[in-house]
Amino acid sequence: MSAAFRISGAGRLSQAKTASFSFDDKSYTGIEGDTLASALLANGVHLVGRSFKYHRPRGFLSAGAEEPNALVQIVRDDARKTPNVRATVQELYDGLTANSQNRWPSLAFDIGAVNDIASPMFSAGFYYKTFMWPKWAWKDLYEPKIRAAAGLGVSPEKPDPDHYAARYAHCEVLVLGGGAAGIAAALAAAETGVRVILADEQAEFGGSLRFESGARIDGQSGHAWAQAAIAKLKAMDNVRVLSRTTAFGYYAQNFVGLVERVSDHLKSPGHELARERLWQVRAGRVVIATGAIERHMVFANNDRPGVMLASAARTYLNHYGVAVGRNVGVYTANDSAYAAAIDLKKAGVNVAAIVDLRDNPAGPAIDEARALGIEINFGRAVVSAGGKLRVSSMTVQPKNGGGERTIPVDAILMSAGWTPSVHLFSQSRGKVAFNDETKRFVPGTYAQDCVSVGACNGTDGLDATVDEAYAAGAKAAKDAGGKAGKGAKPKVDAGESWSRGMLGAGPGAGPGTTVKAFVDFQNDVTAKDIRQAVHEGMHSIEHVKRFTTNGMATDQGKTSNMHGLAIAAEELGKPIPQVGLTTFRAPYTPVTFGSIVGHARGALFDPTRRTATHGWAASHGAVFEDVGHWKRAWYFPKAGEDMHKAVDRECVTVRKVGGLFDASTLGKIEVVGPDAAKFMELLYTNPWEKLETGRCRYGIMLREDGFIYDDGVVGRLAPDRFHVTTTTGGAPRVMNHMEDYLQTEFPHLNVWLTSITEQWAVIAVQGPKSREIIAPLVEGIDMSDEGMPHMSVREGKICGVPTRLFRMSFTGERGFEVNVPADYGEAVWEALWAEGQKHGATAYGTESMHVLRAEKGYIIVGQDTDGTVTPNDAGLDWAVGKKKTDFVGIRGLTRTDLVAKGRKQLVGLKTKDPKVVLEEGAQIVADPKQPIPMKMIGHVTSSYWSENCGRSIALALVAGGRDRLGETLYVPMPNGTIEVEVTGMVFVDEKGERLNG
0 MSAAFRISGA
10 GRLSQAKTAS
20 FSFDDKSYTG
30 IEGDTLASAL
40 LANGVHLVGR
50 SFKYHRPRGF
60 LSAGAEEPNA
70 LVQIVRDDAR
80 KTPNVRATVQ
90 ELYDGLTANS
100 QNRWPSLAFD
110 IGAVNDIASP
120 MFSAGFYYKT
130 FMWPKWAWKD
140 LYEPKIRAAA
150 GLGVSPEKPD
160 PDHYAARYAH
170 CEVLVLGGGA
180 AGIAAALAAA
190 ETGVRVILAD
200 EQAEFGGSLR
210 FESGARIDGQ
220 SGHAWAQAAI
230 AKLKAMDNVR
240 VLSRTTAFGY
250 YAQNFVGLVE
260 RVSDHLKSPG
270 HELARERLWQ
280 VRAGRVVIAT
290 GAIERHMVFA
300 NNDRPGVMLA
310 SAARTYLNHY
320 GVAVGRNVGV
330 YTANDSAYAA
340 AIDLKKAGVN
350 VAAIVDLRDN
360 PAGPAIDEAR
370 ALGIEINFGR
380 AVVSAGGKLR
390 VSSMTVQPKN
400 GGGERTIPVD
410 AILMSAGWTP
420 SVHLFSQSRG
430 KVAFNDETKR
440 FVPGTYAQDC
450 VSVGACNGTD
460 GLDATVDEAY
470 AAGAKAAKDA
480 GGKAGKGAKP
490 KVDAGESWSR
500 GMLGAGPGAG
510 PGTTVKAFVD
520 FQNDVTAKDI
530 RQAVHEGMHS
540 IEHVKRFTTN
550 GMATDQGKTS
560 NMHGLAIAAE
570 ELGKPIPQVG
580 LTTFRAPYTP
590 VTFGSIVGHA
600 RGALFDPTRR
610 TATHGWAASH
620 GAVFEDVGHW
630 KRAWYFPKAG
640 EDMHKAVDRE
650 CVTVRKVGGL
660 FDASTLGKIE
670 VVGPDAAKFM
680 ELLYTNPWEK
690 LETGRCRYGI
700 MLREDGFIYD
710 DGVVGRLAPD
720 RFHVTTTTGG
730 APRVMNHMED
740 YLQTEFPHLN
750 VWLTSITEQW
760 AVIAVQGPKS
770 REIIAPLVEG
780 IDMSDEGMPH
790 MSVREGKICG
800 VPTRLFRMSF
810 TGERGFEVNV
820 PADYGEAVWE
830 ALWAEGQKHG
840 ATAYGTESMH
850 VLRAEKGYII
860 VGQDTDGTVT
870 PNDAGLDWAV
880 GKKKTDFVGI
890 RGLTRTDLVA
900 KGRKQLVGLK
910 TKDPKVVLEE
920 GAQIVADPKQ
930 PIPMKMIGHV
940 TSSYWSENCG
950 RSIALALVAG
960 GRDRLGETLY
970 VPMPNGTIEV
980 EVTGMVFVDE
990 KGERLNG
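Residues 0 to 996 in numbering that gives the first Met the number 0 are what the sequence shown spells out, letter by letter.
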């Protein structure tokens, strides 16, 4: 089909570069640089969708991200079917295939339009009052039907074959918005030398300068100035310019989420290109320059295809070279619509009439329109639009009533004024303020280090906007440490300025009327729906919102919120500020799951982490288990061995000779800084100030409530450096716990925290022969008991690579833990293994590790504790500094219930039949003959067969456990009751003599 509405010589696109595309299986031709919307309009297509509830015909309302109507499905192949794409922002490429949504069997003839006829049944809040009876019908009838009808578009059924990227970035100044204000702010900040990021959602920068024909800056057109300024910024090393990038969320501490559309505009994006990129930006200061959004007029049938915002028609003309009609009507309460009429008239489009709700407006735009011979009707209103699949007329009436006049048109351009885009400001937790003079909500109280400039700040006029933005950019950079800039402020030679306007329903759609005058186009919310909500008791704007769904569609009410608020305020008889403003939440525009998830899907959804020795273990027959994200060697069976025989052999060998165990998965954190010891004193129960360099200490970390949170051995490498180990599963939360307290409770401490879990491979060498196995490979470390006593740490070399060598034990035997850079982990393991073979040592896995530590009564946090265990409950009172006056959890430990008698305490258990192994988690009772439900006094936390003890052993939490030593308790099981004796927790070497061999 021919692009009959493309105007020769208009716009900025080169007609030499054409692109073919299809919409609902019809072929069309557009121009590279078009959006799908501009290309369809160039071909005379206005009908692009059906509304959600009433299935009314819908066309384009806008030319940007605020579009509520033109939601289409973009199809590349069976797996790449993207629903709910705004045609106004989808860039055209050769071969693009788009389909309309929410219609059957076709867009022009939609059976669902019967809902429009039955609309009295679907008034506001009908879903709260219907489907209540009969009760059985909800599950089997109502819910399935409602769910089938809900939603827009169809999701693809095949997996998404595209990939998505993610990046973190830091900058001193982040500028959000690439119009005149954003560009001016970025220029001012960039000239000071600080790092600047400028982001805008459009493919081309300029904002409203893309359609403002009257703007001139620095002696050139506004659009030309914008492109020259962007080229200058791109050439600067300290500036990153991001087009096609939407700031969708403003979070705490100047953390802003951006999503960049990387390849959706390309015909055949290579697989190496991500489809989208998520930017997570931490900024020193944020300059918000997001502009303002034009409001529509609220009148009967204002949703007909061809009825659109004046700024949209102007954008399609001045940027894309497309006329939205041949005989256009204008309905306005604001000067900006005059500019659209003037530009269209000059381009050869007939402007049938301008209908201005104001009585006697005056100004250059009005004078120019009159000079061009355009009919202007003051003090009048458009009370209805004619047509069905396309607007065909507008009915005009004096605003206070009187005779009607019908004017034939094929498009109606409307403007009720401009609403500052305060979405990101509101997301930053800033509080907006209502300007009663201009009837606008503008930024008021700031909660973060940001500033709003230009139209989003309520600033009118291009000159004032550029001045304000340039000053704000310079100040933001200066506050961030930038030097004085040497650049010149852009000089505005000419500009356009619009202010005022109207809020709420226009004449003909006021109280007492039943016409469909739409406030929220996507959710089919009309002015009478808002009034009905108020009549039914919804006096809060948030209640009105939920009752009517106004502002709850994918556009989040960008064009509807202020109208809905004004209508509700009028009905309530209250000023607008007293009714309130709905909350703006992230995301600003819809964000794909792909961009949020990134690479975290498929095999990477729950990533498998492997240690440096994984390959060696696999080649030596290890059976693995999952521990969090880690694959850990569980046991190493030899020929003919099952798990039990393998574990028995490993445990015996470790105690008789020695064994090697991969402990790399233990969390490792470096605490560094002049106040490192003070920080450790506050985070752990133990004292740390007097711990000597080169020594280690077992540490316990509590929560505020006094319960054990984590534990591990900590080595002091220097007066200002600690090497902290955590449980495998606890590493991330302990790091977060530390950072949380450092940043919020102890920010005065000069400390840095670094996760080094993956930096170091850790090889535990345990057993009587452990020193003989390690010593031949170690350089620069005295391995004697005097030179390296138990619970000490030394730095030196092993196998020629750096090592942090800890003398510590989780088996109760003489033991060492060899920390080496992870890249050398497997090589060092193989060298140690070769030495170990000379002595008959074995490799052992996590199951043997559990048995060996249980034989010594060493606890595992999370297994022998359950979130309600204190150090005293676990028999670890000795690890709590008696002279300490403060640490996290110290107050919790003094709570009455935490020091009360009868608390559950960790004890050992021995079954009367030594061959019976208890089940972990089994409940314990004092009297097995008591009636059911029995009183449970504890449970088994760890239970194993110990070949070294020749019997089963167990640990358990038992009420008043330490007072029950020697007592017989009972473990009821399905096959009978098991008798157990309460014992101490140590089953091997109670005096600890084996720690020194």
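Beta carbons: idealized from backbone N, C-alpha and C, even for Gly.
All values derive from a computational prediction rather than experimental measurement.
Query raised in the report: How would you label Phe-108, buried or exposed, when you count the other beta carbons within 10 angstroms and need 16 or more for buried?
Result: exposed
Query raised in the report: Where do the ends of the beta strand (DSSP E) carrying Ala-616 lie?
Result: That residue, Ala-616, is in no beta strand (DSSP E); its alpha helix (DSSP H) goes 613–618.
Query - Buried or exposed (CB count within 10 angstroms, at least 16 for buried), Glu-744 - result: exposed
Requested in this report: Below 8 Å CB to CB, which residues in the same chain sit around Lys-637 once its five sequence neighbours on both sides are set aside?
Outcome: Gly-620, Ala-645, Arg-648
**Report entry** Complete beta strand (DSSP E) runs within the stretch 55–88 (minimum length 3 residues, chain order)
**Finding:** Runs of the beta strand (DSSP E) spanning 3 or more residues and lying entirely within the stretch 55–88 occur at 70–74, 80–85, in chain order.
Query raised in the report: Are the beta-carbon atoms belonging to Leu-716 and Leu-892 less than 9 Å from one another?
Result: No, these two residues do not count as a Cβ contact at 9 Å.
Query raised in the report: From Pro-767 to Leu-956, what distance separates their C-alpha atoms?
Result: In this model, Pro-767 and Leu-956 are separated by some 32 Å (Cα to Cα).
**Report entry** CA nearest to the CA of Glu-816, picked from Asp-822, Trp-877, Gly-658, Glu-946
**Finding:** Gly-658
Query - For Gly-177 and Pro-489, the rounded distance between their alpha carbons - result: 15 Å
Report task. Please name the residue in Thr-652, Trp-629, Gly-486, Val-792 whose C-alpha comes closest to that of Phe-635. Result -> Of the listed residues, the one whose Cα sits closest to Phe-635 is Thr-652.
Report task. Starting from the C-beta of His-45, find all residues in its chain whose C-beta is less than 6 Å away, skip the five residues before and the five after it, and write them out in chain order. Result -> Gly-58, Pro-304, Gly-305, Arg-389
Report task. Taking only the alpha-carbon atoms, compute the straight-line gap between Met-0 and Phe-298 and give it to the nearest angstrom. Result -> Interpretation of Met-0 is limited by its pLDDT of 44, a score under 50 that renders its predicted location unreliable; the figure taken from the coordinates is listed afterwards. Approximately 34 Å, taken between the alpha carbons.
Query raised in the report: beta strand (DSSP E) containing Gly-386: first to last residue?
Result: 379–386
Report task. Answer yes if the stretch 662–670 comes into contact with the stretch 723–739, meaning at least three C-beta pairs across the two stretches below 8 Å, and no otherwise. Result -> yes
Query raised in the report: In terms of residues, what are the limits of the alpha helix (DSSP H) holding Asp-115?
Result: 113–116
**Report entry** Best match in Trp-497, Pro-586, Ala-487 for proximity to Ala-291 [C-alpha to C-alpha]
**Finding:** Trp-497
Report task. Measure from the alpha carbon of Lys-911 to the alpha carbon of each residue in Gly-572, Val-71, Thr-982, Leu-897, then state which is nearest. Result -> Thr-982
**Report entry** Which of helix, strand or coil DSSP assigns to Trp-832
**Finding:** If DSSP states are grouped into helix, strand and coil, Trp-832 belongs with the helices.
Report task. Rank Pro-407, Arg-499, Asp-710 by C-alpha distance to the C-alpha of Arg-414 and give the top, closest one. Result -> Reading off the sequence, residue 414 comes out as Ser, not Arg. Considering only alpha carbons, the answer is Arg-499.
**Report entry** Ala-853 vs Ser-941 beta-carbon contact at 9 Å
**Finding:** yes
Requested in this report: Tell me whether the beta-carbon of Glu-190 lies closer than 9 Å to the beta-carbon of Ala-246.
Outcome: Using a Cβ distance threshold of 9 Å, Glu-190 and Ala-246 do not count as a contacting pair.
Query raised in the report: Between the C-alpha atoms of Ala-69 and Asn-98, what's the straight-line distance to the nearest angstrom?
Result: Asn-98 has its alpha-carbon roughly 11 Å from the corresponding atom of Ala-69.
Requested in this report: Classify His-162 as helix, strand or coil using the three-state DSSP reduction.
Outcome: coil
Query raised in the report: Cα-Cα, which of Ala-508, Ala-921, Gln-72 is closest to Met-972?
Result: Ala-921
Report task. State the Cα-Cα distance for the pair Phe-204 and Ala-346, rounded to the nearest angstrom. Result -> 24 Å
Query raised in the report: Rounded to a whole number of angstroms, what is the C-alpha to C-alpha distance between Glu-367 and Asp-519?
Result: Roughly 33 Å between the two C-alpha positions.
Query raised in the report: So what does Met-734 bridge to, in DSSP terms?
Result: Beta-bridge pairing links Met-734 to no other residue.
Query raised in the report: Can you tell me the Cα-Cα spacing of Leu-60 and Met-296, whole angstroms?
Result: 11 Å
**Report entry** Cβ shell of Leu-151 (< 7 Å), same chain only, five flanking positions each side left out
**Finding:** Phe-51, Leu-70, Pro-82, Asn-83, Gln-100, Asn-101
Report task. Taking all protein chains shown into account, decide if Val-777 is buried (16 or more other Cβ within 10 angstroms of its Cβ) or exposed. Result -> When all chains shown are included, Val-777 counts as buried.
Query raised in the report: In this structure, does DSSP put Pro-913 in helix, strand or coil?
Result: coil
Report task. Could you check if Gln-426 is buried or exposed, using at least 16 other CB atoms within 10 Å of its CB as the buried criterion? Result -> buried
Query raised in the report: Is Ser-425 helix, strand or coil when you go by DSSP?
Result: helix
Report task. Mind checking which residues open and close the beta strand (DSSP E) that includes Phe-805? Result -> 800–806
Query - Three-pair Cβ contact test at 8 Å for the stretch 388–405 versus the stretch 359–374 - result: no
Report task. Please classify Val-827: does DSSP put it in a helix, a strand, or coil? Result -> It is helical.
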